[in-house]
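Student: Residue numbers (our numbering): 10 to 380.
Virtual Cβ for every residue (Gly too), placed ideally from N, Cα, C.
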Amino acid sequence: MSSIISARGLSKLYHLGAPQHRYKMLREAIMEAFRAPFRRHGANQSDPHEIWALRDVSFEVRPGEVIGIIGRNGAGKSTLLKILSQITEPTIGEVDLFGRVGSLLEVGMGFHGELSGRDNIFLSAAILGMRRNEIIGRFDEIVAFSEMERFLDTPVKFYSSGMFMRLAFAVAAHLQPEILIVDEVLAVGDLEFQKKCLGKMEDVAKEGRTVIFVSHNMAAVRTLCRRGIYLDQGRVVFDGDIGDAVTRYVSTVSDAASDTWRRSAPDHGAFQIETISAKLEGHSLKLLIESKSLKRHKPAFLAVDISEPSGTVIMQALPQLEGFIRPEDSPHKIEVKIDLPPLIPASIEPESGSALITLKPWTRSAAASRL
Numbered sequence: 010m011s012s013i014i015s016a017r018g019l020s021k022l023y024h025l026g027a028p029q030h031r032y033k034m035l036r037e038a039i040m041e042a043f044r045a046p047f048r049r050h051g052a053n054q055s056d057p058h059e060i061w062a063l064r065d066v067s068f069e070v071r072p073g074e075v076i077g078i079i080g081r082n083g084a085g086k087s088t089l090l091k092i093l094s095q096i097t098e099p100t101i102g103e104v105d106l107f108g109r110v111g112s113l114l115e116v117g118m119g120f121h122g123e124l125s126g127r128d129n130i131f132l133s134a135a136i137l138g139m140r141r142n143e144i145i146g147r148f149d150e151i152v153a154f155s156e157m158e159r160f161l162d163t164p165v166k167f168y169s170s171g172m173f174m175r176l177a178f179a180v181a182a183h184l185q186p187e188i189l190i191v192d193e194v195l196a197v198g199d200l201e202f203q204k205k206c207l208g209k210m211e212d213v214a215k216e217g218r219t220v221i222f223v224s225h226n227m228a229a230v231r232t233l234c235r236r237g238i239y240l241d242q243g244r245v246v247f248d249g250d251i252g253d254a255v256t257r258y259v260s261t262v263s264d265a266a267s268d269t270w271r272r273s274a275p276d277h278g279a280f281q282i283e284t285i286s287a288k289l290e291g292h293s294l295k296l297l298i299e300s301k302s303l304k305r306h307k308p309a310f311l312a313v314d315i316s317e318p319s320g321t322v323i324m325q326a327l328p329q330l331e332g333f334i335r336p337e338d339s340p341h342k343i344e345v346k347i348d349l350p351p352l353i354p355a356s357i358e359p360e361s362g363s364a365l366i367t368l369k370p371w372t373r374s375a376a377a378s379r380l
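Okay, structure coming up:
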């Protein structure tokens, strides 16, 4: 089967620190030319730094493949998608695309802020090469999916990021491009919208169209994709089965995805948590909780709530302790392993009593573990 995307030796060089020149008036240009012979060579010139966002990236994509691009921030994922979307050109290498491309990258990209949502739907479709009657035939479906009927005639510059993403995704997914490129759609919008987007991308894949998907949500990537490309420092580290790609990526970041909280002030209750060590390994959260009993108290047990930022509890874990926590056994050391379900946010904020302790966020989303 022939490829729908063929990337060969893609490299992208950016210059950092290069001087930014404003437009000069004619009088200023003449004076600059007059002073040039007397200016000391090399004076007032910055030394721009170079950074390779991509280095020698090559791959082939067959029609109907659903591929997840994964890696740390700064690995080159967004740069690669911009090249595939023909927004920027590679410094070295070339890419061939055989089909229409629908892209959903940064919020705000591709829409004209002064135009209404309605006008931007027609504009985006026209850019894809669709005829007006084709656009009209899909218009109601796009609007219904976005749930933006009330704001359709409002200029999009007044949209919130969530509103914008709703409409932008609806346009990109429903205009039937042969190649759909989506970057971090799950970073904006509510949980219901995220599920809706994943469902639509699954439908697009079932129709035989190609999907290129970037996300830091490994559960979503595993669910949607069959193949994974793992980028690190602009290079392809792994290209193959999505499960193997995610496992390899997670294994490299698991050591960084850990943190320890230590109590800085004494508690006045009967039970006091001294330290909480947290580590994310794949879809499992491991907690090591060290505590002590300050006074006599009734046998107690530990519960861990995973909550949304609003305080809504998503799930509760009840560790299988060998009996209750008893004061005579102090100090206590409790190990907890929690298997996080798909799509659950993975940023952990442990709360003990009335003190909120923030650990390192592992994804863009936020959740809370209450101990």
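So, using beta-carbon positions, are L184 and G73 closer together than 7 Å?
Tutor: For L184 and G73, no; Cβs fall outside 7 Å.
Student: Taking contact to mean at least 3 C-beta pairs separated by less than 8 Å, is the region 227-236 in contact with the region 141-149?
Tutor: Flag = no, the region 227-236 and the region 141-149 do not touch.
Student: Hey, F280 and I76 are a contact pair by Cβ (cut 8 Å); roughly how many whole angstroms apart?
Tutor: Not quite, the Cβ-Cβ distance comes to about 49 Å (not below 8 Å), so this is no contact.
Student: Helix or strand or just coil, what does DSSP make of D162?
Tutor: Looking at D162 - three-state DSSP - the assignment turns out to be coil, as it is neither helix nor strand.
Student: Locate the alpha helix (DSSP H) running through G208, then write down its first and last residues.
Tutor: It spans 200-215 - the alpha helix (DSSP H) in which G208 sits, taken as one unbroken run.
Student: Tell me the DSSP secondary structure of I254 in three-state form.
Tutor: Here residue 254 is Ala; the residue named in the question, Ile, does not match the sequence. In the structure shown, A254 sits in a helix (DSSP, three-state: H, G or I).
Student: Roughly how many angstroms lie between the CA atoms of I136 and P186, to the nearest whole one?
Tutor: Their Cα atoms are separated by approximately 11 Å.
Student: For my contact list, S286 and H341 are in at a C-beta cut-off of 8 Å; report their separation, rounded to the angstrom.
Tutor: At roughly 14 Å, the Cβ-Cβ gap does not stay under 8 Å, so S286 and H341 are not in contact.
Student: Go to M64, then tell me how far its beta strand (DSSP E) extends in each direction, as first and last residue.
Tutor: Position check: residue 64 holds Arg in this sequence, whereas Met was assumed. Residues 58-70.
Student: Can you check the region 169-196 for any alpha helix (DSSP H) of at least 4 residues that lies completely inside it and give the ranges in chain order?
Tutor: You should have 170-183.
Student: For G243, which residues of its own chain have a beta-carbon under 6 Å away from its beta-carbon, when the five flanking residues on both sides are left out?
Tutor: Cβ within range, chain order: W61, A62, L63, R64, G85.
Student: List the residues that DSSP assigns as beta-bridge partners of D128.
Tutor: DSSP, once it has assigned bridges, lists no residue as partnering D128.
Student: Please return the same chain residues whose Cβ sits closer than 6 Å to the Cβ of F167, not counting the five positions on each side in sequence.
Tutor: If we look at F167 and ignore the five residues flanking it on each side, it has no Cβ neighbours.
Student: Can you give the Cα-Cα distance for V180 and Q325, rounded to whole angstroms?
Tutor: Taking the straight line joining both Cα atoms gives about 38 Å.
Student: If you follow the beta strand (DSSP E) that E143 is in, where does it begin and where does it stop?
Tutor: E143 -> not in any beta strand (DSSP E); alpha helix (DSSP H) instead, spanning 141-155.
Student: Between the region 120-132 and the region 93-107, can you find at least three pairs of beta-carbon atoms closer than 8 Å?
Tutor: Cβ pair count under 8 Å is below three, so no.
Student: Evaluate A312 with the Cβ neighbour count: other Cβ atoms within 10 Å of its Cβ, from every protein chain shown; 16 or more gives buried, anything less gives exposed.
Tutor: Counting Cβ neighbours within 10 Å, A312 comes out exposed, since fewer than 16 surround it.
Student: My output table needs one value for S15: the three-state DSSP class, helix, strand or coil.
Tutor: If DSSP states are grouped into helix, strand and coil, S15 belongs with the strands.
Student: Considering only residues of the same chain and omitting the five flanking positions on each side of E158, which have a CB-CB separation below 8 Å?
Tutor: Taken in chain order, the residues that qualify are V152.
Student: Which residue's Cα is closest to the Cα of S15: R81, E59, L89?
Tutor: Residue L89 is the option with its Cα nearest to S15.
Student: Apart from the five residues just before and just after E59, which ones in its own chain have a Cβ nearer than 8 Å to its Cβ?
Tutor: The residues are L22, Y23, H24, L25.
Student: Between R305 and P336, what straight-line distance do the alpha-carbon atoms span, to the nearest angstrom?
Tutor: When rounded, the distance between both Cα atoms is 6 Å.
Student: Considering just the uninterrupted stretch of the alpha helix (DSSP H) at K86, what are its terminal residues?
Tutor: Counting along the chain, the alpha helix (DSSP H) containing K86 begins and ends at 86-93.
Student: The alpha helix (DSSP H) with R231 in it runs from where to where?
Tutor: From DSSP, the alpha helix (DSSP H) with R231 extends over 227-233.
Student: Taking only the alpha-carbon atoms, compute the straight-line gap between M139 and D348 and give it to the nearest angstrom.
Tutor: Answer to the nearest angstrom: the Cα atoms are 46 Å apart.
Student: If I follow the unbroken beta strand (DSSP E) through T219, where does it start and stop?
Tutor: First-last of the beta strand (DSSP E) with T219: 219-223.
Student: Could you give the distance in angstroms between the alpha-carbon of L294 and the alpha-carbon of K205?
Tutor: Roughly 26 Å between the two C-alpha positions.
Student: Hey, how far is the Cα of F154 from the Cα of C234?
Tutor: When rounded, the distance between both Cα atoms is 22 Å.
Student: Return helix, strand or coil for I285, following the three-state DSSP convention.
Tutor: I285: strand per DSSP, three-state reduction.
Student: Apply the 10 Å Cβ neighbour rule to R141 and answer buried if 16 or more other Cβ atoms are within range, or exposed otherwise.
Tutor: The residue in question, R141, is exposed, as its Cβ has fewer than 16 Cβ neighbours within 10 Å.
Student: Under three-state DSSP, which class holds Y23?
Tutor: In this structure, Y23 counts as strand in the three-state DSSP scheme.
Student: Spell out the partners DSSP gives R244 in its beta bridges.
Tutor: DSSP output for R244 lists D241 as bridge partner(s).
Student: Report the CB separation of V66 from V245 in whole angstroms; it is logged as a contact under 8 Å.
Tutor: Yes, they are in contact, since the Cβ atoms of V66 and V245 sit about 6 Å apart, within 8 Å.
Student: Please work out which residues of its chain come closer than 6 Å, Cβ to Cβ, to D56, disregarding the five sequence neighbours upstream and downstream, and give them in chain order.
Tutor: Confidence at D56 is low in this model, with a pLDDT of 45, below 50, so the placement of that residue should be treated as unreliable; the coordinate-derived value is given next. Hits under 6 Å: none found.
Student: Quick check on G249: buried or exposed, where buried means 16 or more other Cβ atoms within 10 Å of its Cβ?
Tutor: So G249 counts as exposed.
Student: When you compare the CB positions of L114 and A177, do they come within less than 7 Å of one another, or not?
Tutor: It is not a contact, given that the beta carbons lie outside the stated cut-off.
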